[in-house]
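Residues 107 to 491 (my numbering) make up the sequence shown, in order. Glycine is no exception: its CB is placed at the ideal position from the N, C-alpha and C atoms. Heads up, the thing below is written out as structure tokens.
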Amino acid sequence: MELNIGMIGYSFMGKAHSNGFRQLPAFFPELGVKPVLKVICGRNLDAVKDAAETYQWEEYETDWEKVIARDDIDVIDICTPGDQHLPMALAALKAGKHVICEKPLTNTLAEARELLTVAENTDKKTMVAFNYRRVPAVALARQLIAEGRIGEIYHWRAVYLQDWIIDPDFPLVWRLEKDKAGSGPHGDLNAHIIDLALHLVGDIDSVVGADTTFIKERPLLEAVDGGLGAQGGEQMGQVTVDDATMFLARFQNGALGTFEATRFAAGRRNYNHFEINGSKGSIAFNLQKMNELQFYSRDDEDHIQGFREIIVGEGSQPFMGAWWPPGHIIGWEHTFTHEFRDFFEAIAQDGTFSPDFAEGTKVQAVLESVVDSAATKTWQDVPKI
Ligand code: SOE
Numbered sequence: 107m108e109l110n111i112g113m114i115g116y117s118f119m120g121k122a123h124s125n126g127f128r129q130l131p132a133f134f135p136e137l138g139v140k141p142v143l144k145v146i147c148g149r150n151l152d153a154v155k156d157a158a159e160t161y162q163w164e165e166y167e168t169d170w171e172k173v174i175a176r177d178d179i180d181v182i183d184i185c186t187p188g189d190q191h192l193p194m195a196l197a198a199l200k201a202g203k204h205v206i207c208e209k210p211l212t213n214t215l216a217e218a219r220e221l222l223t224v225a226e227n228t229d230k231k232t233m234v235a236f237n238y239r240r241v242p243a244v245a246l247a248r249q250l251i252a253e254g255r256i257g258e259i260y261h262w263r264a265v266y267l268q269d270w271i272i273d274p275d276f277p278l279v280w281r282l283e284k285d286k287a288g289s290g291p292h293g294d295l296n297a298h299i300i301d302l303a304l305h306l307v308g309d310i311d312s313v314v315g316a317d318t319t320f321i322k323e324r325p326l327l328e329a330v331d332g333g334l335g336a337q338g339g340e341q342m343g344q345v346t347v348d349d350a351t352m353f354l355a356r357f358q359n360g361a362l363g364t365f366e367a368t369r370f371a372a373g374r375r376n377y378n379h380f381e382i383n384g385s386k387g388s389i390a391f392n393l394q395k396m397n398e399l400q401f402y403s404r405d406d407e408d409h410i411q412g413f414r415e416i417i418v419g420e421g422s423q424p425f426m427g428a429w430w431p432p433g434h435i436i437g438w439e440h441t442f443t444h445e446f447r448d449f450f451e452a453i454a455q456d457g458t459f460s461p462d463f464a465e466g467t468k469v470q471a472v473l474e475s476v477v478d479s480a481a482t483k484t485w486q487d488v489p490k491i
């Protein structure tokens with residue numbers, strides 16, 4: 107089965123998604139799905155033309171509405187800043203397309219709810235690109251929890267730390283503008299660890315949080331240079347998002363959790379770490395050692411008790427059979443291939459995909475409750491989705 111993809115956005119995530127699509131048929135041939143990189147879309151003609159050539163797309167386009175209107179496109183993949191997600195995803199669903207949307211799903215809970223109402227009334231599949239669920243070690247963590255190996259969960263403890271804007275001269279990129287990004291590391295990074303918490307521990311009932319903006323003015327943006335790099339000019343502008351947000355959470359199943367997201371953790375480039383403690387054991391994961399999972403079992407005999415380091419590289423572990431011989435490790439980019447694999451399987455077999463727009467809306471509900479909590483300095487109940 108061939109699926110024609112129309113991708114909107116061509117920078118950091120566009121590059122990661124293009125690679126994910128290209129790897130898929132070669133490594134998961136048994137799926138029988140070939141994504142066709144049909145058309146890539148962006149506002150800047152020269153840049154999108156370059157991206158089409160570099161990332162091997164058949165065609166390029168500068169008007170996203172034209173891409174969505176095309177009859178030959180099966181899947182719309184949205185890799186733009188958050189303020190564009192609602193209009194693009196709505197239009198794509200209304201045009202009868204399956205939709206992949208980068209995280210967070212939208213910039214507000216109201217927008218996510220609006221989108222969800224439409225998504226629930228189509229037979230099309232939706233996906234929010236929370237790629238860390240599909241790190242093999244994280245998928246293994248979920249398997250160990252489902253097998254009852256850590257028992258009843260008491261604690262979730264997660265941080266997502268970066269430092270790429272710690273220099274006050276780093277310019278005002280779109281991720282620092284509320285009207286484009288919705289929030290700072292809260293929506294960018296806490297969104298990931300909230301999704302992981304919902305996936306691994308369960309629903310969150312209530313939250314209490316605090317946020318801050320350390321650097322309130324920055325040089326206006328002059329140029330971007332791929333990934334997260336950028337150059338600023340002489341004039342200054344206001345930062346309108348958080349620089350750091352932390353919160354406590356009470357889970358429905360009684361577990362207590364902590365979450366922290368910041369872009370001011372010097373030396374922590376992309377440090378996505380969680381630990382889960384249960385009645386029978388613990389699990390810990392750190393993205394910077396993404397092929398390892400720490401596991402402690404209280405069932406081990408006393409004299410050999412201790413955390414063990416599972417190197418996730420065996421064919422029997424989630425996703426690993428598709429790649430290399432045991433111990434031949436994989437990287438960050440593989441998480442995108444894995445999520446597309448599962449999404450296309452849901453399309454091909456009319457199955458379900460998780461996280462879909464309903465789960466993306468749940469993340470949005472937690473994000474917004476934390477913002478409300480920080481503003482009012484009170485615990486907030488998370489609205490049910
Ligand atoms: C930048 O903070 C960023 O690229 C996020 O936007 C991604 O979601 C995360 O996976 C890595 O860091």
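Could you give the DSSP three-state label for residue i: helix, strand or coil?
i    : result
R219 : helix
N356 : It is worth fixing the name first, because residue 356 is Arg in this sequence and not Asn. In the structure shown, R356 sits in a strand (DSSP, three-state: E or B).
L278 : strand
P131 : helix
P489 : coil
V418 : coil
F391 : strand
H294 : The amino acid at residue 294 is misidentified as His; the sequence shows Asp. Reduced to three states, the DSSP call for D294 is helix.
I310 : strand
E323 : strand
H305 : helix
R404 : coil
R255 : coil
F118 : helix
I179 : coil
H434 : coil
I272 : coil
S124 : helix
V347 : coil
Taking a contact to mean a Cβ-Cβ separation below 9 Å, would you say residue i touches residue j in this structure?
i    : j    : result
A361 : Y266 : no
F463 : L215 : no
P461 : V234 : yes
G338 : E328 : yes
I111 : D180 : yes
R369 : P277 : no
V145 : E108 : no
G288 : D189 : yes
C207 : A197 : no
F401 : K231 : no
D269 : P325 : no
L192 : E171 : no
T467 : I491 : yes
G457 : G257 : no
R240 : H379 : no
C147 : E167 : yes
V477 : V488 : no
A355 : T364 : yes
N213 : G293 : yes
A264 : I310 : no
F51  : L302 : The chain is shown only over 107 to 491; residue 51 falls outside these bounds and no answer can be derived.
Starting from residue i, follow the alpha helix (DSSP H) in both directions and report where the run begins and ends.
i    : result
V469 : F463 to T482
G112 : From DSSP, G112 is part of no alpha helix (DSSP H) but of the beta strand (DSSP E) over E108 to I114.
A243 : P242 to A252
D152 : L151 to T160
D448 : H440 to A454
H191 : H191 to K200
On the DSSP bridge assignment, give the partners of residue i in chain order.
i    : result
W262 : G363 and I382
E328 : Beta-bridge pairing links E328 to no other residue.
C207 : I184 and V234
A287 : Note: A287 sits in no beta bridge, so no partner.
P141 : L109
L399 : I416
I146 : M113 and Y166
L267 : T368 and Y377
T228 : In DSSP, T228 forms no bridge with anything.
I315 : A small fix is needed here, since residue 315 is Gly in this sequence, not Ile. F353, per the DSSP bridge assignment.
In the DSSP assignment, the beta strand (DSSP E) including residue i goes from what residue to what residue?
i    : result
G338 : A336 to Q344
Q423 : That residue, Q423, is in no beta strand (DSSP E); it is neither H nor E in DSSP.
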